[in-house]
Amino acid sequence: MMAAEQQLNRGILEDLCTAVEHERSQVLAKATEWRVIKNAVLRPGNNRAALLKAEDIDEQLTEGSTTLIRIDGKEFAAEVVGMAFGELELLIKDCDLAGGLTFEFRVPFDDYLTSLYDFLRAQALEVVGDSFPRRSLALANAVVLPHYERNEAGYRVSYVMGAPGSGKTEALVSKALKLVGTGMNDMRVMIVTYTNAAADVIYGRLALRVGDKPDVQLTRLGLTEASIEIEQRACSENVNSTMSISQAMESNLTVTTAYRALMCAKKELGTHSFVLFDEASTLPISLAWATSLIATERITLYGDPFQLGPIVQSDPLREHTVRQRFGTSPFEIEGVMTAAEEEQGQVVLRGQYRLPSALANAMCPPLYKSAGNTSRNSMSEPESPWGVGSFLFINSSSHDATCEKFMNSRRNEIHADLVVKLVGALLEQEIVEPHEIAKSLLIITPYRAQRSLISRRLNAKGWIPLTQIRALVTTVHRAQGSEREYVIFDVTEAPNSDKSTYFPVGRLWNGEGWQSDGSRLLTTALTRARKQALVLLHREYIGKSSAGGKADMGALHRLNAGLDKWGALATFKPESLDSRES
Numbered sequence: 000m001m002a003a004e005q006q007l008n009r010g011i012l013e014d015l016c017t018a019v020e021h022e023r024s025q026v027l028a029k030a031t032e033w034r035v036i037k038n039a040v041l042r043p044g045n046n047r048a049a050l051l052k053a054e055d056i057d058e059q060l061t062e063g064s065t066t067l068i069r070i071d072g073k074e075f076a077a078e079v080v081g082m083a084f085g086e087l088e089l090l091i092k093d094c095d096l097a098g099g100l101t102f103e104f105r106v107p108f109d110d111y112l113t114s115l116y117d118f119l120r121a122q123a124l125e126v127v128g129d130s131f132p133r134r135s136l137a138l139a140n141a142v143v144l145p146h147y148e149r150n151e152a153g154y155r156v157s158y159v160m161g162a163p164g165s166g167k168t169e170a171l172v173s174k175a176l177k178l179v180g181t182g183m184n185d186m187r188v189m190i191v192t193y194t195n196a197a198a199d200v201i202y203g204r205l206a207l208r209v210g211d212k213p214d215v216q217l218t219r220l221g222l223t224e225a226s227i228e229i230e231q232r233a234c235s236e237n238v239n240s241t242m243s244i245s246q247a248m249e250s251n252l253t254v255t256t257a258y259r260a261l262m263c264a265k266k267e268l269g270t271h272s273f274v275l276f277d278e279a280s281t282l283p284i285s286l287a288w289a290t291s292l293i294a295t296e297r298i299t300l301y302g303d304p305f306q307l308g309p310i311v312q313s314d315p316l317r318e319h320t321v322r323q324r325f326g327t328s329p330f331e332i333e334g335v336m337t338a339a340e341e342e343q344g345q346v347v348l349r350g351q352y353r354l355p356s357a358l359a360n361a362m363c364p365p366l367y368k369s370a371g372n373t374s375r376n377s378m379s380e381p382e383s384p385w386g387v388g389s390f391l392f393i394n395s396s397s398h399d400a401t402c403e404k405f406m407n408s409r410r411n412e413i414h415a416d417l418v419v420k421l422v423g424a425l426l427e428q429e430i431v432e433p434h435e436i437a438k439s440l441l442i443i444t445p446y447r448a449q450r451s452l453i454s455r456r457l458n459a460k461g462w463i464p465l466t467q468i469r470a471l472v473t474t475v476h477r478a479q480g481s482e483r484e485y486v487i488f489d490v491t492e493a494p495n496s497d498k499s500t501y502f503p504v505g506r507l508w509n510g511e512g513w514q515s516d517g518s519r520l521l522t523t524a525l526t527r528a529r530k531q532a533l534v535l536l537h538r539e540y541i542g543k544s545s546a547g548g549k550a551d552m553g554a555l556h557r558l559n560a561g562l563d564k565w566g567a568l569a570t571f572k573p574e575s576l577d578s579r580e581s
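In numbering that gives the first Met the number 0, the protein residues as written are 0 to 581.
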C-alpha cells in the first residue's frame with residue numbers, strides 16, 4: 000500500500016474511533032436503573048431462550064444492546080432484538096420460564112459501541128505495509144472518494160438508491176439469489192440491515208423463494224419471534240435461524256443485522272464474496288466500514304438518502320469529525336449524490352410500484368423523476384370516508400388549534416381529538432377492523448408527548464384494544480420500514496395558547512433541502528401509506544411559501560407547496576370538539 004493511502008486510511012480510522020468513543024461516553028453518561036415493564040408477554044423461543052414483548056418504553060435503545068431483566072426477582076441476561084411498532088422485544092438467554100408476574104429491565108449500555116471501538120482501534124494499528132486487510136473492500140475508501148474516482152481506482156463499492164416503493168428490497172433479494180445460484184461452491188453472500196425488523200422482511204421473502212433448492216443454505220443470524228415463525232413455516236432444512244456465528248458463516252446466504260455482522264468481522268475478515276446492505280441510509284459510517292470488511296468481491300449499498308439517517312445521541316457540542324464519521328450515512332459521502340445525479344455508474348430506481356400518483360409526486364425527490372420514468376403504478380386516486388385522493392389534509396387553523404410544550408416534547412389537544420374522529424370515521428364505515436386496525440392504519444407524529452396523548456384519547460373511547468393502540472400510534476423513527484393502507488400524520492406544530500409568541504424551531508423545521516432532517520422526517524412519515532396519507536396541520540402557523548419547488552426550501556414550506564399542487568382538502572367534517580378531555 001502506498002504511504003499516502005496508508006496515512007489516509009489511518010486518519011479515517013482515527014476519526015471513526017474518536018466518533019465511536021464520543022458516542023460511547025454519551026451513552027455511559029446516562030444513569031442505569033431498573034424499570035418496570037408493563038403488560039409483558041413471555042413466550043418460549045428455542046435453545047433455552049425466551050422472547051418477551053412489552054409495552055413501548057421511551058428510552059433510546061439500540062438493537063443488539065445487552066441488558067439484565069428480572070422475572071419475579073430472578074435475573075437473566077437479555078438482548079434488545081426489536082423496537083418496531085410500539086413494542087419492545089427482548090431475547091432472554093438461558094431462560095426456560097413459561098411466564099411470570101413481575102418484570103423489570105435495566106436500561107442497557109450499548110456494548111456494541113465498545114466492540115466497535117476495539118475493532119476499529121485494532122484495524123488502525125494494522126495499517127502498516129500490506130497487512131491492512133483488503134484495501135479495495137474497505138468502505139473507508141468510499142468515505143473520501145467520489146464514486147467516479149473509485150471506479151477508476153478499481154474500488155468495488157456501489158450504490159442502489161430509490162424512493163419508497165421503487166423496488167429496492169426486491170432488487171436486493173433478486174441479486175442475492177442470482178449470486179448464490181451461479182453454481183460456484185465458494186460463493187457466499189451476506190445481507191446486512193440496521194434493524195431486526197428489516198432483516199426479518201428480507202429473510203421472509205428469501206424463505207419463500209429458496210424452498211428446497213439444494214444449492215442454497217439460507218440462515219438468519221439472530222433470533223426474533225418473526226424469524227422463528229418464518230423458519231417454522233418454511234419447513235425446510237435449507238432455511239434456519241440461529242444465534243451461532245459459526246453456523247451462519249458456513250451458509251452461502253446469510254441475513255443479519257449490522258451489529259451481528261460486526262461480531263462476524265471480529266471473528267474473521269474476508270469470509271463472504273459479497274455484502275449487500277439494506278436501508279443503508281440508517282447505518283453509521285463506522286459500522287458500515289467495519290462490516291464491509293467481510294466482503295472479498297463487492298459491497299453494494301441499497302437505500303434512500305432522503306429518508307432518516309443514523310440515530311445518534313443528541314449533543315449540540317459534537318465535534319465536526321464525530322458528525323461526519325458517526326452521524327453520517329454512506330449516502331452522505333462527498334461525491335455519491337453528484338454521481339447519482341450525473342448517472343455515473345450509480346443505479347437509481349425510478350419506477351414506482353407502491354405509492355399512489357399524487358403522493359409519489361409530492362413526496363419523491365427530483366432525483367427519482369425523469370422523462371423515462373417506467374412507473375407501473377396506474378391505480379386511480381383512492382377514496383375513503385376522509386375524501387378522494389392519496390394526499391389529503393385538514394387545516395386545523397379553522398379549529399383554532401394550539402400547541403404546548405410538555406416534558407421536553409410537544410402536544411396539541413385539538414389535533415389529538417381530530418385524530419380520534421378520523422379513526423372513528425374509518426371504524427364507522429368498516430374500512431378497518433377494531434381488532435386488526437394496526438394492520439391497516441398508522442398514526443404518526445414527530446413528538447412522544449403527542450403520541451401518548453393520542454393513545455390515551457383512543458383508549459378512553461374503548462373502540463380499540465390497547466394492544467392495537469400501542470402498535471397503531473407511533474413516532475416517525477419507529478414507523479420507518481413499515482407500510483399501511485392508511486396513514487394519519489399529525490404535524491402537531493401550532494401557535495401556543497395565547498398566540499402572542501411562537502415556540503422555538505421544532506423537529507420539522509430543521510434545515511433546508513431534500514436531505515435536511517425535517518424533510519427526511521416528512522418523507523419517511525408520509526411514504527408509509529400504500530393508499531392514503533392524511534396530513535393534519537395548522538397551515539397559517541407553518542406559513543405558505545411562494546418559493547414553489549426550489550431545492551433549498553424548508554420541509555414545512557415544501558409540504559405546503561406540495562399540498563397546493565398535489566394535495567386535496569379532506570371532505571370529512573368532524574363534529575364539534577367542545578367535548579374533549581380536560
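Backbone N, C-alpha and C define an ideal beta-carbon position, used for all residues, glycine too.
The structure displayed is predicted, hence computed values, not measured ones.
Same chain, Cβ closer than 6 Å to residue i, five either side skipped, listed in chain order
i    : result
C94  : A49, F75
K420 : P573
E296 : S272, F273
H398 : I413
P163 : T526
A53  : I36, A39, L87
S518 : A554
C-beta atoms of residue i and residue j nearer than 8 Å
i    : j    : result
G334 : P309 : no
L285 : L15  : In the sequence under discussion, the amino acid at residue 285 is Ser, which differs from the Leu named in the question. Yes; because the gap between Cβ atoms is below 8 Å, this pair is in contact.
A493 : H537 : yes
N237 : Q216 : yes
A448 : L471 : no
V80  : L96  : no
I443 : V475 : yes
Close Cβ partners of residue i (< 8 Å) along its chain, the five nearest in sequence each way excluded
i    : result
P433 : L426, W462, I463, P464, Q467
R375 : Below a pLDDT of 50, predicted positions are generally treated as unreliable, and R375, at 47, falls in that range; no measurement from the model is reported.
T570 : W385, G386, V387
L348 : V159, M160, G161, A162, S165, G166, K167, A170, Y367
Enclosing alpha helix (DSSP H) for residue i [first to last residue]
i    : result
R519 : 516 to 525
M262 : 257 to 266
Q531 : Counting along the chain, Q531 falls outside any alpha helix (DSSP H), though it belongs to the beta strand (DSSP E) covering 528 to 536.
D489 : No alpha helix (DSSP H) holds D489; the beta strand (DSSP E) holding it covers 483 to 489.
G269 : Element bounds for G269: n/a, residue is neither H nor E.
T281 : Run containing T281: none; DSSP gives neither H nor E here.
N458 : 447 to 460
M248 : 244 to 249
Y583 : Outside the displayed range of the chain (0 to 581) lies residue 583, so it cannot be described from this structure.
W565 : 554 to 565
R469 : 465 to 471
Nearest-angstrom Cα separation, counted from residue j out to residue i
i    : j    : result
A139 : F104 : Here the model assigns A139 a pLDDT of 44, short of 50, so the residue's position is not dependable, and the following value carries that caveat. Distance between the alpha carbons of A139 and F104: 37 Å.
L507 : T223 : 33 Å
L300 : C263 : 19 Å
A198 : S515 : 27 Å
R133 : L119 : Bear in mind that the predicted position of R133 carries a pLDDT of just 42, short of 50, making it unreliable; the figure below should be weighed with that in mind. The alpha-carbon atoms of R133 and L119 are separated by roughly 15 Å.
G302 : I229 : 24 Å
G72  : I430 : 45 Å
V387 : Q531 : 9 Å
L64  : L112 : Reading the sequence as shown, one finds Ser at residue 64 and not Leu. Going by the C-alpha atoms only, they are around 9 Å apart.
R34  : D551 : 44 Å
P381 : F390 : 10 Å
S102 : N495 : For clarity, residue 102 is Phe in the given sequence; the question names Ser instead. In a straight line, the C-alpha of F102 is about 40 Å away from that of N495.
V179 : L252 : 7 Å
L67  : S24  : 20 Å
T17  : T337 : 28 Å
L558 : N509 : 13 Å
T192 : F276 : 6 Å
N184 : D214 : 9 Å
F392 : T491 : 13 Å
The beta strand (DSSP E) enclosing residue i, as first and last residue numbers
i    : result
N360 : Note, N360: premise wrong, no beta strand (DSSP E); alpha helix (DSSP H) at 356 to 362.
S397 : Note, S397: premise wrong, no beta strand (DSSP E); not H, not E.
Y301 : 294 to 302
T223 : Looking at the DSSP string, T223 is not in any beta strand (DSSP E), and its letter there is neither H nor E.
T168 : No beta strand (DSSP E) holds T168; the alpha helix (DSSP H) holding it covers 167 to 179.
R34  : 33 to 35
Neighbourhood of residue i by C-beta distance below 7 Å, restricted to the same chain and skipping five residues each side
i    : result
A206 : L217, I229, A233, V238
request  = State whether the segment 524 to 537 contacts the segment 340 to 358, with contact taken as three or more CB pairs (one from each stretch) at a distance under 8 Å.
outcome  = Touching, yes.
message = Count Cβ pairs between the segment 266 to 283 and the segment 187 to 196 that sit closer than 8 Å; are there 3 or more?
response = Three or more beta-carbon pairs drawn from the segment 266 to 283 and the segment 187 to 196 are found closer than 8 Å, and the two stretches are therefore classed as touching.
task = Could you tell me whether the segment 236 to 256 touches the segment 157 to 170, using the rule of 3 or more Cβ pairs below 8 Å?
result = Segment contact: the segment 236 to 256 against the segment 157 to 170, fewer than three CB-CB distances shorter than 8 Å; contact not assigned.
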